[in-house]
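J.: Numbering (this note's numbering), first residue to last: 1 to 116.
Ideal Cβ placement from N, Cα and C applies to all residues, glycine included.
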Amino acid sequence: MDSTVSLSSLTNAHPMPQGNKMDIRWFPPSHYRVEINFDGSVRSNFAAGGFIVRIKIGKSLVAACFNLGTIVVLVAEVIALRNSLIYVKNQGLAKVEVEGDSKLVIDVMNGVLSTP
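1) What separation, rounded to the nearest whole angstrom, lies between the Cα atoms of V73 and A80?
2) Is V34 near the ligand SAH - that is, is its Cβ less than 8 angstroms away from at least one heavy atom of it?
3) In angstroms, rounded to a whole number, what distance separates the CA positions of M47 and A64?
4) By the DSSP assignment, the beta strand (DSSP E) with R82 in it spans what residues?
5) For the alpha helix (DSSP H) containing I106, list its first residue and its last residue.
6) Could you give the C-beta distance for N45 and T70, rounded to a whole number, given that I count them as a contact under 8 angstroms?
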């Protein structure tokens, strides 16, 4: 079994313009793939992160969240992504699409930017 996870796409969330608002919606992964959605946040100096792994029909395989203490939001985003990738690798899932709302994390992972 291949020990690497193939990231077929690593994108920002799919914005759907709606007049003056922007509706963000989930789209199912491509055929024979799972999709990871990850996020991190900080509120009142306390950070948390989480992820969800879904199959094409939208059924969740796993959802996880975790407290991260006092860190900046960028680190929370990266930890959420890392934990999700560790999970799918441990489950033997190799065809993965990854989606998140941090443009900086996405651009670094896609090689568009170097690490800050």
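T.: Short version:
1) 11 angstroms
2) For the structure depicted, the ligand SAH is absent and the ligand set is empty, with no information on it obtainable.
3) For the record, residue 47 in the displayed sequence is Ala; it is not Met. The straight-line gap from Cα to Cα measures roughly 14 angstroms.
4) Where R82 is concerned, there is no enclosing beta strand (DSSP E), although the alpha helix (DSSP H) it sits in stretches over 73-90.
5) 103-109
6) 5 angstroms
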